[in-house]
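Visitor:
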Amino acid sequence: MLKYINLALLILFPVAWFAPLLRAGLLPLFGMSEISVISGLQSLWDTDVFLALLVTFFALFAPFLKTLGLALVQFGWLDRRALPALTVLGKLAMGDIFLIALYITVAKGIGVGKIEVAWGLYLFTACILVSLGIGILSKEKAGPQPE
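Numbering (our numbering), first residue to last: 3 to 149.
#1: Quick one: is S35 buried, meaning 16 or more other Cβ sit within 10 Å of its Cβ, or exposed?
#2: Using the C-alpha atoms, what's the distance from D81 back to E118?
#3: How long is the line joining the alpha carbons of G71 and L88, rounded to whole angstroms?
#4: Could you please give the first and the last residue of the uninterrupted alpha helix (DSSP H) stretch that includes D48?
#5: Going by alpha carbons, who is nearest to G122 out of E142, W47, F20, F77?
#6: Take F126 and list the residues in its own chain whose beta-carbon comes closer than 6 angstroms to its own, dropping the five residues that flank it on each side.
#7: Starting from G71 and walking both ways along the alpha helix (DSSP H), at which residues does that stretch end?
#8: Using a Cβ-Cβ cutoff of less than 7 angstroms, which residues in the same chain neighbour V132 once the five nearest sequence positions on both sides are dropped?
#9: Just the C-alpha distance for E142 and T49, rounded to the nearest angstrom, thanks.
#10: Apart from the five residues just before and just after E149, which ones in its own chain have a Cβ nearer than 7 angstroms to its Cβ?
#11: Quick one, which of L53, V57, F52, A26 has its alpha-carbon nearest V39's?
#12: DSSP three-state label for L125, please.
#13: Per DSSP, L24 is paired with what?
#14: Cβ of L134 within 9 angstroms of Cβ of A95?
#15: How big is the Cα-Cα spacing for L23 and L43?
What follows is the structure in structure tokens.
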């Protein structure tokens with residue numbers, strides 16, 4: 003069952019990337035009404051390439067590679083010794099959820115504009131948390147790693 007939920011994440015992650023995370027008004031960096039992971043990355047490329055690369059890794063590559071790697075382990079195409087590395091990728095993917103929450107808090111706190119959380123933020127957060135849970139359950143199911 004876990005491997006099929008994990009496979010569903012390979013479809014849900016790209017949906018979450020294009021789904022609206024926030025609805026913002028008068029936010030200087032974005033200047034648009036709906037912000038998704040992809041549109042946010044597009045805006046970052048214009049202002050800060052290094053930050054755009056970091057966010058691209060944490061928001062797109064880390065969770066997707068972890069999910070893909072876990073699927074390979076679950077179907078027996080990758081050795082279970084890869085699970086610790088996949089766990090690290092899952093923890094890195096949680097960093098972007100923290101950053102988004104921090105940006106929302108800061109923007110609301112200083113009154114830059116109006117920000118509303120959209121359904122994509124919940125989907126993206128759920129994908130990351132489900133992926134983290136699957137990783138933990140897969141590691142427990144595998145038992146201790148041979149040295």
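Built from N, CA and C at the ideal position, the CB exists for glycine as well.
Guide: On the basis of the supplied data:
#1: Under this definition S35 is an exposed residue.
#2: So the two alpha carbons sit approximately 43 angstroms from each other.
#3: Cα to Cα, the separation comes out at about 7 angstroms.
#4: It spans 39–49 - the alpha helix (DSSP H) in which D48 sits, taken as one unbroken run.
#5: By alpha-carbon distance to G122, the top candidate from E142, W47, F20, F77 is F20.
#6: Sequence-distant Cβ neighbours of F126 in its own chain, meaning closer than 6 angstroms and more than five residues away, are A18.
#7: Secondary structure note for G71: its alpha helix (DSSP H) is the uninterrupted segment 64–76.
#8: Excluding sequence neighbours, V132 sits near I7, L11.
#9: Taking the CA atoms as reference points, E142 sits about 43 angstroms from T49.
#10: Confidence at E149 is low in this model, with a pLDDT of 48, below 50, so its placement is unreliable and the value that follows should be read with caution. Beyond the five residues adjoining it in sequence on each side, E149 comes within less than 7 angstroms, by CB distance, of no other residue in the same chain.
#11: Considering only alpha carbons, the answer is V57.
#12: Look at L125 here: in three-state DSSP terms it is helix.
#13: Beta bridge pairing from DSSP links L24 with I37, V119.
#14: In this structure, L134 lies near A95, with their beta-carbon atoms less than 9 angstroms apart.
#15: L23 and L43 have their C-alpha atoms some 12 angstroms from each other.
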